Amino acid sequence: MTSLATSAPKRAFWLALLLNLLWINASEVFRYFAFVMPLMRGALPQIQDVAPMNLPVFMVWGVWDTVLVFAATGFSWVLLDRFGPTIRNAIYAGSAIWATVFIILWLGLWNMNLATTQVVLTALPLAWLEMLIAALIVRWAMVRGCLD
């Protein structure tokens with residue numbers, strides 16, 4: 076017999092996805108406007124229109140955030156489901172996603188002289204905190220879903 080009601084794990088996943096959509100978008104916007112954009116503009120003044128803010132950039136940023144939300148939520152969910160929804164495993168999951176996405180991104184930009192050491196050393200810890208909180212949100216939703 077199939078149930079038309081959404082199961083608790085499905086509800087928990089969708090809750091985690093929604094909360095991470097809000098969290099990651101807010102975090103990305105804050106990090107960009109407060110740190111990355113001014114640092115990049117200060118470091119690369121010779122590049123015309125570096126770190127612009129216009130419709131095409133916002134559209135690409137929307138794609139980036141969407142991929143990031145699904146990756147952070149999905150991979151955290153899989154890792155916590157497989158290894159257990161402990162705080163330690165959430166820290167491992169958030170750190171693994173951070174290393175996979177952000178270290179590769181910023182290391183590549185730094186290696187090509189498209190980001191300064193100051194920008195990288197500012198952006199990476201903030202991105203790690205973002206992914207750590209995203210994984211903890213997944214853990215919270217997962218544990219909460221088990222209690223329903």
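FYI, the numbering for the sequence shown is 76 to 223, going by the numbering used here. Heads up, the beta-carbon is just placed ideally off N, CA and C, and yes, glycines get one too. Quick caveat, the model's predicted, so the values are computed rather than measured.
Exposed unless 16 or more other CB atoms sit within 10 angstroms - verdict on residue i
i	result
Leu-143	buried
Ala-174	exposed
Met-134	exposed
Phe-177	buried
Ala-108	Checking the sequence, you will find Phe at residue 108 rather than Ala. When all chains shown are included, Phe-108 counts as exposed.
Thr-192	exposed
Thr-141	exposed
Ser-151	buried
Asn-95	buried
Option nearest residue i by Cα separation, candidates the options
i	options	result
Arg-189	Gln-121, Phe-88, Trp-98	Inspection of the sequence shows that residue 189 is occupied by Leu rather than by Arg. Checking every option, the nearest Cα to that of Leu-189 belongs to Gln-121.
Ser-170	Asn-186, Ala-202, Ala-101, Thr-161	Ala-202
Ile-162	Phe-105, Ala-101, Ile-208	Ile-208
Leu-196	Asn-186, Trp-181, Met-206, Glu-205	Trp-181
Val-194	Ile-179, Phe-110, Met-217, Gly-220	Phe-110
Between the CA atoms of residue j and residue i - distance to the nearest angstrom
i	j	result
Gly-117	Leu-184	16 Å
Leu-97	Asn-186	31 Å
Ser-78	Val-138	Annotation note: pLDDT 49 at Ser-78 (below 50); position unreliable, coordinate value reported separately. Whole-angstrom Cα-Cα distance: 34 Å.
Ala-87	Ala-210	13 Å
Val-213	Ser-102	16 Å
Ala-83	Phe-158	19 Å
Cys-221	Asn-164	17 Å
Span of the alpha helix (DSSP H), counted from its first residue to its last, around residue i
i	result
Met-112	112-118
Tyr-107	It is not in any alpha helix (DSSP H) - Tyr-107 carries neither H nor E in the DSSP assignment.
Ala-169	A quick correction: the sequence has Gly, not Ala, at residue 169. Counting along the chain, the alpha helix (DSSP H) containing Gly-169 begins and ends at 162-173.
Beta carbon proximity, residue i to chain C, threshold 8 Å
i	result
Arg-214	The structure shown contains no chain C; it is built from a single protein chain.
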